[in-house]
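Asks: Pasting in a structure now, in structure tokens, and then I'll have a few things to ask.
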Amino acid sequence: MRTSDAVTVVRGEEELFRRVGHLFSTVTDMACAANDLATWVAERRSDELAAAAERRAGQVRIRKIYRADLLLDPGTAQELARVRDRFGAQIRISTEAVNETIVMDGRLVILAGDLVAGQRGYSVITQPETVQGVMSLFEATWRAATELDVFDAQVSEIRRLAPAVLDLLGSGVKDEAAARSLGLGVRTYRRRVAELMAALGAESRFQAGVRARELGLV
663 MRTSDAVTVV
673 RGEEELFRRV
683 GHLFSTVTDM
693 ACAANDLATW
703 VAERRSDELA
713 AAAERRAGQV
723 RIRKIYRADL
733 LLDPGTAQEL
743 ARVRDRFGAQ
753 IRISTEAVNE
763 TIVMDGRLVI
773 LAGDLVAGQR
783 GYSVITQPET
793 VQGVMSLFEA
803 TWRAATELDV
813 FDAQVSEIRR
823 LAPAVLDLLG
833 SGVKDEAAAR
843 SLGLGVRTYR
853 RRVAELMAAL
863 GAESRFQAGV
873 RARELGLV
């Protein structure tokens, strides 16, 4: 662990939990941005925190932003809805990449870092100006993000077509032939490709293919 006046860097979820886990029993406003559903705490702590959160449902404002490509998996979409209903969380989806972050009561920030030797680093920040800056970025992303149900409805058709579209893109099939094979007009096919790229956070068709492989979609 490394510590300065306002920033503490810890290694691993257990060490992080020992330092800030108690705050989950008192927090009244929690903002969270995440790239996947995996919890930041060690697996054996998950039930403990879930039980604490359930006991305090309605007493805590919880806002969560997730990356759009998670909703390409219908099971993940259902799990997000379950989390929302169980804990009363507000959930929005962003097509932009997000840095995994937790802000507690506008006073403390947890920033997730990279994996080193199998352990992830976390920066615990209490410096007011830095916390306010992170909170401002979260608020801007929140305003630009889409409500879970609205986004899920938007991607339902994309989700159905995603494997076939990705396969056609990977095979280098021209748009006209790809559209015919899916029973779509060319303009509709190109719109679906653009929507899929946006959901994957990709700026090119090649990048969409790479991202899809990382997610196990192809």
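Converting from the sequence shown to my numbering requires adding 662 to each position, the first position being numbered 1.
Glycine residues also receive a C-beta, built at the ideal position from the N, C-alpha and C atoms.
Using C-beta distances below 7 angstroms, list every residue in its chain close to Y851, excluding the 5 sequence neighbours before and after it, in chain order.
Replies: The residue you call residue 851 lines up with position 189 of the sequence shown. Closer than 7 angstroms at Cβ, skipping near neighbours: D837, A840, A841, L844.
Asks: Could you tell me the boundaries of the beta strand (DSSP E) in which A693 lies?
Replies: Counting from one through the sequence shown, the residue named residue 693 turns up at place 31. Run containing A693: 691-696, per the beta strand (DSSP E) assignment.
Asks: Would you list the residues sitting across from K726 in a DSSP beta bridge?
Replies: Here the question's residue 726 lines up with position 64 in the sequence shown. K726 is bridged to C694, I753.
Asks: Looking only at C-alpha atoms, which of G871, G750, A826, N697 sits nearest to I764?
Replies: Along the sequence shown, read from residue 1 onward, the residue named residue 764 stands at position 102. The shortest Cα separation from I764 among G871, G750, A826, N697 belongs to N697.
Asks: Pull the bridge partners of Q794 from the DSSP assignment, please.
Replies: In the sequence shown, counting from the first residue as 1, residue 794 sits at position 132. In the DSSP output, where bridge partners are listed per residue, Q794 has none listed.
Asks: Identify every residue that forms a DSSP beta bridge with V765.
Replies: Along the sequence shown, read from residue 1 onward, the residue named residue 765 stands at position 103. The partner list for V765 (beta bridge, DSSP) reads A693, V771.
Asks: So V682 is in the beta strand (DSSP E); what residue range does that whole segment cover?
Replies: Within the sequence shown, residue 682 is the residue found at index 20, counting from 1. Per DSSP, V682 belongs to no beta strand (DSSP E); it is in the alpha helix (DSSP H), 675-682.
Asks: Quick check on G737 - is its C-beta less than 8 angstroms from some C-beta in chain B?
Replies: This model lacks chain B altogether; it includes just one protein chain.
Asks: Using 10 angstroms around the beta-carbon of D776, count the other beta-carbons present and answer buried if the total reaches 16, otherwise exposed.
Replies: The residue given as residue 776 occupies position 114 in the sequence shown. So D776 counts as exposed.
Asks: Report the rounded CA-to-CA distance for E801 versus L733, giving the unit in angstroms.
Replies: Looking up residue 801 in the sequence shown gives position 139. Looking up residue 733 in the sequence shown gives position 71. If you take the alpha carbons of E801 and L733, they lie about 22 angstroms apart.
Asks: For L862, collect the residues of the same chain with a Cβ closer than 7 angstroms to its Cβ; drop the 5 residues on either side in sequence, then sort them by chain order.
Replies: As a first step, residue 862 is located in the sequence shown; it is residue number 200 there, counting from the start. D731, A870, R873, A874.
Asks: Would you be able to state if there are at least three C-beta pairs under 8 angstroms between the segment 811-826 and the segment 782-793?
Replies: No contact exists between the segment 782-793 and the segment 811-826.
Asks: Tell me which same chain residues have a C-beta within less than 7 angstroms of the C-beta of A826, skipping the five on either side of it?
Replies: Indexing the sequence shown from 1 puts residue 826 at position 164. For A826, where only same-chain residues beyond five positions count, the Cβ hits under 7 angstroms are L844.
Asks: Using the rule of at least 16 other Cβ atoms within 10 Å of the residue's Cβ for burial, across every protein chain shown, is I831 buried or exposed?
Replies: By one-based count along the sequence shown, residue 831 stands at place 169. Reading the sequence as shown, one finds Leu at residue 831 and not Ile. By the neighbour-count rule (16 or more Cβ atoms within 10 Å), L831 is buried.
Asks: Using three-state DSSP, classify L699 as helix, strand or coil.
Replies: As a position in the sequence shown, residue 699 is number 37, starting the count at 1. The answer is coil: DSSP assigns L699 none of H, G, I, E or B.
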